[in-house]
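Student:
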Amino acid sequence: MLSDTTKQRFDAEVAKYPADQKQSAVMACLSIVQQERGWVSSESEQDVADYLGMPAIAVHEVVTFYNMYNQQPVGQFKLAVCTNLPCQLRDGQKALEHVCSRLGVEKGGTTADGLFTVQQSECLGACADAPVALVNDRQMVSFMSNERLDALIDTLKANAK
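Here my numbering = 1-based position in the sequence shown + 1191.
1. Is LEU1347 helix, strand or coil when you go by DSSP?
2. Are there 16 or more other CB atoms within 10 angstroms of the CB of MET1335, so buried, or fewer, so exposed?
3. Should CYS1314 be labelled buried (16 or more other beta-carbon atoms within 10 Å of its own) or exposed?
4. According to the neighbour-count rule (16 or more other Cβ atoms, all chains shown, within 10 Å of its Cβ), is GLN1263 buried or exposed?
5. Should THR1274 be listed as close to the ligand ATP, given that the test is whether its C-beta is under 7 Å from any heavy atom?
6. Span of the alpha helix (DSSP H) holding LYS1207?
7. How many Å lie between THR1295 and THR1302 at the Cα?
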């Protein structure tokens, strides 16, 4: 069920496209759902499909194609650590392993307190700053040595709600 606020946000995205192409706002609408709910459930996919007048399977294909959409609940802080080749050459895999070790989870896992989910990521487009990570799909952090990763985790813990 979409709230009035969500519908208003959807309307703003749909208005960016010709009336007969409102399905073009599907990614923006999914992003809004994720911002508000933390993840995109199958019910949310159906809500977006109904709102945009498109088949639910088409929305599902978008959700499952892009790794930026959470298909299950995640922690308050999602840390996506890049392990693509340029980051890999500058210890991206070791950075991922350090974060997992520090938080006591496997990649893809969420801490018992629900604060952190750690994911392996493909290229985040900041190769010169490797290794890099993305916090909650919004904040890029660069040159992530173990010390900087520890500081990031400590800062996020201190700012947890």
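Backbone N, C-alpha and C fix where the C-beta goes; we use that ideal spot for every residue, glycine too.
Tutor: With the given structure in hand:
1. Residue 1347 sits at position 156 when you count from the first residue of the sequence shown. Three-state DSSP puts LEU1347 in a helix.
2. The residue you call residue 1335 lines up with position 144 of the sequence shown. With 16 or more other Cβ atoms within 10 Å, it is buried.
3. Residue numbering aside, residue 1314 sits at position 123 when the sequence shown is read from its first letter. Classification of CYS1314: exposed, given that the 10 Å Cβ count is below 16.
4. The count along the sequence shown starts at 1 and reaches residue 1263 at position 72. Exposed, because fewer than 16 other Cβ atoms sit within 10 Å of the Cβ of GLN1263.
5. Here there are no bound small molecules, and the ligand ATP is not part of this structure.
6. The residue you call residue 1207 lines up with position 16 of the sequence shown. In the DSSP annotation of this structure, LYS1207 is not part of any alpha helix (DSSP H), being labelled neither H nor E.
7. Position 104 of the sequence shown, counting from 1, holds the residue named residue 1295. Position 111 of the sequence shown, counting from 1, holds the residue named residue 1302. At residue 1295 the sequence reads Gly, which differs from the Thr that was named. Cα to Cα, GLY1295 sits roughly 7 Å from THR1302.
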